[in-house]
Ligand SMILES: NC(=O)c1ccc[n+]([C@@H]2O[C@H](COP(=O)([O-])OP(=O)(O)OC[C@H]3O[C@@H](n4cnc5c(N)ncnc54)[C@H](O)[C@@H]3O)[C@@H](O)[C@H]2O)c1
Ligand SMILES: NC(=O)c1ccc[n+]([C@@H]2O[C@H](COP(=O)([O-])OP(=O)(O)OC[C@H]3O[C@@H](n4cnc5c(N)ncnc54)[C@H](O)[C@@H]3O)[C@@H](O)[C@H]2O)c1
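Chains as they are written, first to last, in this note's numbering: chain A, 1 to 406; chain B, 407 to 812.
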């Protein structure tokens, strides 16, 4: 099949492109390289040494004889070029990773809020409008996030996208109605994903676009079968306060002998999935495309949930690091339960890698191996959700101003 | 109070500005005049002769001694200027009308879809981000639409914004949860209003912004108490196929002796409100502002519902026009019930003008009076919702190609 991977230079997009190319598909990577520019803006870099996308594509060809085609294109700003590209290439599948994806970055300043909304809304909407206009019946697979639901549930399991509700009818009876599971996004980034859902619902209903939306947990792990084949195929590993997820922060802190910094009580529960499982899920979703006229197909793409403090304890045990509780820069519930229904992927044959099995490899093969590249000053998470929280971010539990870097 | 009326040069914004100025408030009209540009793009004009905004403000001053302040500013494209304006003027209330508001226009071509999404999303988000950034605690009153719910209800009354649902909890029990009443927008325009709701929910929750969202029905009528005071204060009256609502189309068709064109069976039910009631509702909403930390306050701003065929029959009776059924260019349910809860405005003292009372004035004082200005070729609604529907738009019920203009 001919597959367009939008955002194919990113953390999940790159291993997905390799995985699908390895299976013999014709893979086109479309990316505006904004993520690399943001590294420059923030003055940070991937822990793993990452080559240019052009060089990575060349190496993949050397190693496997297969070609990856790279196209520099801004989905959000170049509608006409996007349309022309689709019209020329007519992909069978479009996998859409191309959004600004860090919650802390989206909350940094008003400029970052505006950028995230403009970029993400226009990227997704331009894609949908262009598919309708070019009359291309591609299967669109989009990466959404578990985070849209806001972790403030009343203690119910999160279903796969839809909820049946009962409403009172005018004649005094009741009727069942299926609705999109209501979202309550907790950051500007998550808000854009919640808005994406409305775009998808409309274009599936009005134009019969075939759309799968994968509500993904936090992706961890660096290597997949394909990235292991050559040093220069290695995936990016973000550990800075904006793009590094909590797990990566812990791994890096352990590697440099710094305490694992837990925000608040660490009672927040989050969903996780290994990068190898993530690329496999995308393959499984490809094999199970909706038909025109179907509602948007929604999968929960995660394999396990953990409380942040348990995660810290797990890594502390593996690495002998200490744990330090800090004030939380995010506006969120201090403690939450999270139970997620992921029956669909399990029934399609997903066989998960667990944190308990895979984490030691990350500690040894990634965090320790590249520890010399760590910029210690970039590890703390400093983007605060509100003005009030900004005041407390760099204070310890007693309210003393602290510096996290020795 | 100091009030910013965003989109204050438009059909609802202009009489709102006059109404509030008349009550002694300091009113600032902010508008990019895009609506006037769209008139130029489409080659149409308001039925009523409409002066420039600068001239209208001058006349208002001549007639009443009061000042309206006009600022040319694009909310969607000029974030920094918007922020500077807010910072300088620090309004107490911001009334936000500044969006592309015609469903047919939003479906015209892919360019119009992209424009509508970009303009509306950025306008609303820029406003919210700028209020947070400038730390201005203004009451934001936004105009949304009844149409977000998509008229495909299972026969339940549309509540004022929120719905209580019962979900199964993990411990086998049940819990009540309040959710935003689920939307199912039927056009790109309506979709942007559904996305606005998510923006409001987030900024109310994260930043304590005080927001009222008025889900308005179709506004009809031309005059308010203030627009009547001088010929040159007259409000705009759109009758073209894109911006003219169904009621205006009927009025114009009757005035030029053309049959009233009903799309499909005319079994669609819609909600209506007179422009005089609309400006009064905004005044009432101003007087009932939410507190910081409150959820978004949502009102249904409409006073009556009618089936399109009944509306046609009513106007046919007043004017002796005939009725002609045509294929429907929209993708929508052929027949729908619509019952809307509007208890909040009634309890605040709204005393509605009904269609039965007010319609004859529109026929005589507006449609007939300005009939010489009608461009007959611009009356038909021709923007089709999908490729397939585009094929049938200009055919009569037997499938014969027709021309609507004699
Ligand atoms: N990484 C995670 O833990 C995780 C979890 C849940 C969901 N997701 C979702 O998966 C997707 C991919 O995440 P990731 O971690 O690979 O992010 P990433 O930032 O590493 O990759 C995104 C890629 O998209 C590109 N991009 C952004 N805007 C673009 C535009 N307008 N035009 C063209 N390219 C553009 C960037 O340059 C980048 O290469 C995102 O949508 C993200 O929200 C990721
Ligand atoms: N007219 C109706 O029947 C009706 C019904 C329901 C809801 N509404 C809502 O009420 C609001 C006003 O409707 P209307 O009929 O007065 O529309 P309108 O098009 O006459 O007025 C909108 C005004 O906003 C301005 N505007 C648009 N984008 C802007 C931007 N980016 N920056 C600055 N100004 C901008 C336009 O120039 C115009 O003057 C809209 O949001 C609409 O969705 C209207």
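The beta-carbon is built from N, C-alpha and C at its ideal position, and this holds for glycine as well.
Which of helix, strand or coil DSSP assigns to residue i
i, result
"residue 651 of chain B", "coil"
"residue 438 of chain B", "coil"
"residue 656 of chain B", "helix"
"residue 678 of chain B", "strand"
"residue 636 of chain B", "coil"
"residue 723 of chain B", "helix"
"residue 772 of chain B", "helix"
"residue 604 of chain B", "helix"
"residue 374 of chain A", "coil"
"residue 553 of chain B", "helix"
"residue 831 of chain B", "No statement about residue 831 of chain B is possible, as the shown extent of chain B runs from 407 to 812 and does not include it."
"residue 539 of chain B", "helix"
"residue 522 of chain B", "helix"
"residue 236 of chain A", "coil"
"residue 385 of chain A", "coil"
"residue 17 of chain A", "helix"
"residue 589 of chain B", "coil"
"residue 280 of chain A", "helix"
"residue 661 of chain B", "helix"
"residue 599 of chain B", "helix"
"residue 594 of chain B", "helix"
"residue 414 of chain A", "No answer is possible for residue 414 of chain A: the residues shown for chain A start at 1 and end at 406."
"residue 351 of chain A", "coil"
Rounded straight-line distance, which links the Cα of residue j to that of residue i
i, j, result
"residue 43 of chain A", "residue 738 of chain B", "51 Å"
"residue 654 of chain B", "residue 505 of chain B", "20 Å"
"residue 519 of chain B", "residue 26 of chain A", "31 Å"
"residue 366 of chain A", "residue 274 of chain A", "14 Å"
"residue 495 of chain B", "residue 530 of chain B", "19 Å"
"residue 253 of chain A", "residue 246 of chain A", "11 Å"
"residue 677 of chain B", "residue 718 of chain B", "15 Å"
"residue 684 of chain B", "residue 625 of chain B", "7 Å"
"residue 755 of chain B", "residue 8 of chain A", "57 Å"
"residue 374 of chain A", "residue 251 of chain A", "11 Å"
"residue 157 of chain A", "residue 547 of chain B", "35 Å"
"residue 244 of chain A", "residue 24 of chain A", "32 Å"
"residue 1 of chain A", "residue 92 of chain A", "6 Å"
"residue 809 of chain B", "residue 510 of chain B", "The pLDDT assigned to residue 809 of chain B is 46, lower than 50, so where the model puts this residue is not dependable; a value taken from the coordinates is nonetheless given after this. If you take the alpha carbons of residue 809 of chain B and residue 510 of chain B, they lie about 19 Å apart."
"residue 177 of chain A", "residue 561 of chain B", "11 Å"
"residue 339 of chain A", "residue 182 of chain A", "16 Å"
Within chain B, partners of residue i - CB distance below 7 Å
i, result
"residue 162 of chain A", "Residues of chain B passing the Cβ test: none, with the nearest at roughly 10 Å."
"residue 79 of chain A", "520"
"residue 98 of chain A", "What residue 98 of chain A touches in chain B: nothing, since even the nearest Cβ is about 16 Å away."
"residue 331 of chain A", "612"
Identity of the residues DSSP links to residue i by a beta bridge
i, result
"residue 165 of chain A", "A:177"
"residue 300 of chain A", "A:215"
"residue 626 of chain B", "B:680"
"residue 746 of chain B", "B:564"
"residue 729 of chain B", "B:666"
"residue 410 of chain B", "B:434 and B:500"
"residue 547 of chain B", "B:501 and B:618"
"residue 673 of chain B", "B:741"
Contacts that residue i makes with chain A (C-beta to C-beta distance below 8 Å)
i, result
"residue 561 of chain B", "169, 170, 171 and 175"
Proximal residues of chain B, C-beta to C-beta of residue i below 9 Å
i, result
"residue 202 of chain A", "590, 591, 592, 593, 594, 596, 597 and 600"
"residue 269 of chain A", "Those within 9 Å of residue 269 of chain A in chain B number zero; the least Cβ separation is about 12 Å."
Partners in chain B for residue i, counting only beta-carbon separations shorter than 8 Å
i, result
"residue 273 of chain A", "None at all; the shortest Cβ gap to chain B is about 21 Å."
Residues that residue i contacts on chain A, provided the C-beta gap is smaller than 7 Å
i, result
"residue 524 of chain B", "122"
"residue 745 of chain B", "170"
"residue 585 of chain B", "182"
Residue i beta carbon near ligand 4 (any heavy atom closer than 8 Å)
i, result
"residue 487 of chain B", "This structure simply doesn't include ligand 4; it includes ligand 1 and ligand 2 instead."
Chain A residues whose Cβ lies nearer than 9 Å to that of residue i
i, result
"residue 671 of chain B", "Those do not exist, as residue 671 of chain B stays about 20 Å from chain A at its closest Cβ, beyond 9 Å."
"residue 760 of chain B", "Under the 9 Å cutoff, chain A gives no residues; its nearest Cβ is about 22 Å from residue 760 of chain B."
Write down every uninterrupted run of the alpha helix (DSSP H) in the stretch 34-111 of chain A whose length is 4 residues or greater and which is fully enclosed by it, in chain order. 34-42, 53-64, 79-89 and 103-106
Which residues, in order along the stretch 124-141 of chain A, keep a beta-carbon less than 8 Å from a beta-carbon of chain C? Absent here is chain C; the protein component of the structure consists of chains A and B.
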